[in-house]
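The block underneath contains the structure these notes are about, expressed in structure tokens.
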Amino acid sequence: MCKLFDLIFCVNSDCLFLQFNVLLLLSTFTIVHCTIIYHKKIFDRPVSCPRLFKSLITCECAHDNENRIGIDCGSRPIQQLPRSWRTITHVYRNKTSELQQQQQQTVDFYSHSNINTFTQSVVYLNLSNTNISSLKSDEFHGLYHLQVLSIENTPLNEIRAHSFRHLTQLDVLRIERNLNLIELNAYSLSDLHNTRLISLTANGIRIIHSEAFRNTHFINKLDLSDNPLEIIESYAFTGLMTIDTLILCSAASIKCKIKSIEPLAFFGFNQCSNLSIVGLTTPIEPQSFSYMIKIKTIDLSNGHVTKIRQYAFDHSEDIGEINLSNSFVKHIEPGAFNIVVNFTSLNLRANLIRHLSRDVFENITAQIIDLNDNPIQCDCSFKWFLKSTTLIQASYLLPDTCAGPDGPNIGLRDEFKY
Numbered sequence: 264m265c266k267l268f269d270l271i272f273c274v275n276s277d278c279l280f281l282q283f284n285v286l287l288l289l290s291t292f293t294i295v296h297c298t299i300i301y302h303k304k305i306f307d308r309p310v311s312c313p314r315l316f317k318s319l320i321t322c323e324c325a326h327d328n329e330n331r332i333g334i335d336c337g338s339r340p341i342q343q344l345p346r347s348w349r350t351i352t353h354v355y356r357n358k359t360s361e362l363q364q365q366q367q368q369t370v371d372f373y374s375h376s377n378i379n380t381f382t383q384s385v386v387y388l389n390l391s392n393t394n395i396s397s398l399k400s401d402e403f404h405g406l407y408h409l410q411v412l413s414i415e416n417t418p419l420n421e422i423r424a425h426s427f428r429h430l431t432q433l434d435v436l437r438i439e440r441n442l443n444l445i446e447l448n449a450y451s452l453s454d455l456h457n458t459r460l461i462s463l464t465a466n467g468i469r470i471i472h473s474e475a476f477r478n479t480h481f482i483n484k485l486d487l488s489d490n491p492l493e494i495i496e497s498y499a500f501t502g503l504m505t506i507d508t509l510i511l512c513s514a515a516s517i518k519c520k521i522k523s524i525e526p527l528a529f530f531g532f533n534q535c536s537n538l539s540i541v542g543l544t545t546p547i548e549p550q551s552f553s554y555m556i557k558i559k560t561i562d563l564s565n566g567h568v569t570k571i572r573q574y575a576f577d578h579s580e581d582i583g584e585i586n587l588s589n590s591f592v593k594h595i596e597p598g599a600f601n602i603v604v605n606f607t608s609l610n611l612r613a614n615l616i617r618h619l620s621r622d623v624f625e626n627i628t629a630q631i632i633d634l635n636d637n638p639i640q641c642d643c644s645f646k647w648f649l650k651s652t653t654l655i656q657a658s659y660l661l662p663d664t665c666a667g668p669d670g671p672n673i674g675l676r677d678e679f680k681y
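The opening residue of the sequence shown carries number 264 in our numbering; numbering runs sequentially from there.
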């Protein structure tokens, strides 16, 4: 009997293909063959996992024709990883004869001579559906060439500071569906560089603490969607630099449950193509998005924001678009977008904005401000807007009509010349 399990990871149209081809003997259900295909590399030559790694005794190891090794511990009852992936000596406390100890040490010394060769050849490690509950600091130190690490559907409840330090070749990190993982502590996801995908989806994460991602750089995609996120602490993303896409809540999420984005949560967040918090259902507080640099798109659309407080986005630089469309925005406090430098587009389409208050809009430096599909009122507060010469440089997209004392269908475009 032969069973085939396929798993495909796609990152920006570049797919990582993992295939587990397991041949089972019906009489004993003993695994006699394991094939792992990772990114067109085939691990079809079984090799014994080093017996010194007692915690891996039930795992399957295999290597390819270039001696790269994959370790599959999926669905095994392991509770912890080796105390060290770089063990050189062992301490023996059993009461055996001196001769037996010498013989045992000779065997183990021979095994140790190949340990570093083995660990530095490991490029794939699967810990999904195991009993791993905690990752200690430097947990994977020694697996210098590890490229794919998967920890899914486990009782994992703690990731300690610097757990992933030294994984300089890591390409894909998946920590998913671990419902006991309720917080990301300081430095828990730090020290990762040039990793294409960090997927933290569908865990139980409620709090992201300060500096959780410190010194993590050059990430293609960091996905935190489908977590019951409630609190993002100040400086949570400080030190996270040069990332293509950061997703906290996506359009596909059931509901964005974030209750609090604390002041300076994104302080120093630098160079991101797309920051997605779609479906946010809480007012944007002062300095929640302050001091960010070079962000192409901040997507806060399709939520229930209602209010944008003073200084919410101040001192951010080189912002492409802030998208707040369809977010029930009704009130914008003066200075909410002040001191946003090199600001291209502010999308406020399809909200509940009624008044174009001078102290709110006059100082917004965006090149394009989209106010279409808002119930704009043609009252006295609108006169400054029609007469202002300071707005000529900005392109305002406005509804065709507005409501006022003379009726609901006054033609805005007849009054305002773009």
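Just so it is clear, CB atoms sit at the ideal spot from N, CA and C, and this is done for glycine as well.
- At the C-beta level, Asp636 and Asn610 stay beyond 9 Å of one another.
- Counting along the chain, Ile461 sits inside the beta strand (DSSP E) bounded by residues 460 to 462.
- When DSSP reads this structure, Ala325 sits in a beta bridge with Pro309, Gly333.
- Contact between Gln630 and Ser608 holds, since their C-beta atoms are separated by about 7 Å, short of 8 Å.
- Taking every protein chain shown into account, the CB of Val604 has fewer than 16 other CB atoms within 10 angstroms, so this residue is exposed.
- DSSP, reduced to helix, strand and coil, places Asp401 outside both helices and strands of the structure shown, so it counts as coil.
- Judged by beta-carbon spacing, Thr431 lies beyond the 9 Å limit of Asn392, meaning their Cβ atoms are not closer than that value.
- For Thr560, the enclosing beta strand (DSSP E) begins and ends at 556 to 562.
- For Leu319, the three-state secondary structure derived from DSSP is helix.
- Separation of Phe600 and Ala575 (C-alpha to C-alpha, rounded to the nearest whole angstrom) is 7 Å.
- Ser488 sits in coil when the DSSP states are folded into three classes, being neither helix nor strand.
- Classified as exposed, Leu649 has fewer than 16 neighbouring CB atoms from the shown chains inside 10 Å of its CB.
- For Ile341 against Phe381, the beta-carbon gap comes to about 17 Å, at or over 8 Å, which does not count as contact.
- In the DSSP annotation of this structure, Val623 is not part of any beta strand (DSSP E); the continuous alpha helix (DSSP H) holding it starts and ends at 621 to 624.
- DSSP places Ile422 in the strand class (E or B) of the three-state scheme.
- Here the alpha carbon of Glu323 sits roughly 6 Å from the alpha carbon of Cys336.
- Annotation for Val541: Cys512, Ser513, Ala514, Ser516, Cys519, Asp562, Leu563, Ser564, Asn565, Gly566 place their beta carbon closer than 8 Å to its own, counting only its chain and skipping 5 residues before and after.
- Your pair Leu412 and Leu442 does not check out as a contact, with CB atoms roughly 19 Å apart and the cut at 8 Å.
- Considering only Leu436, Pro597, Lys557, the residue with the shortest C-alpha distance to Ile571 is Pro597.
- Residues of the same chain with a CB within less than 8 Å of the CB of Leu444, apart from the 5 flanking positions on each side, are Leu419, Asn420, Glu421, Ile422, Ile438, Asn466, Gly467, Ile468 in chain order.
- Put simply, the backbone Cα of Leu344 is about 31 Å away from that of Tyr498.
- Sorting Ser579, Leu398, Thr560, Ile632 by C-alpha distance to the C-alpha of Pro549 places Ser579 at the top.
- When the Cα atoms are used, Gln534 and Asp507 turn out to be separated by approximately 8 Å.
- Looking at the DSSP output, Ala666 bridges to Gln640.
- Each of Thr321, Arg440, Thr569 was checked against the Cα of Asp486, and the nearest Cα belongs to Arg440.
- The DSSP assignment places 580 to 586, 604 to 610 as complete runs of the beta strand (DSSP E) inside the segment 558 to 612, in order along the chain (cut-off: 3 residues).
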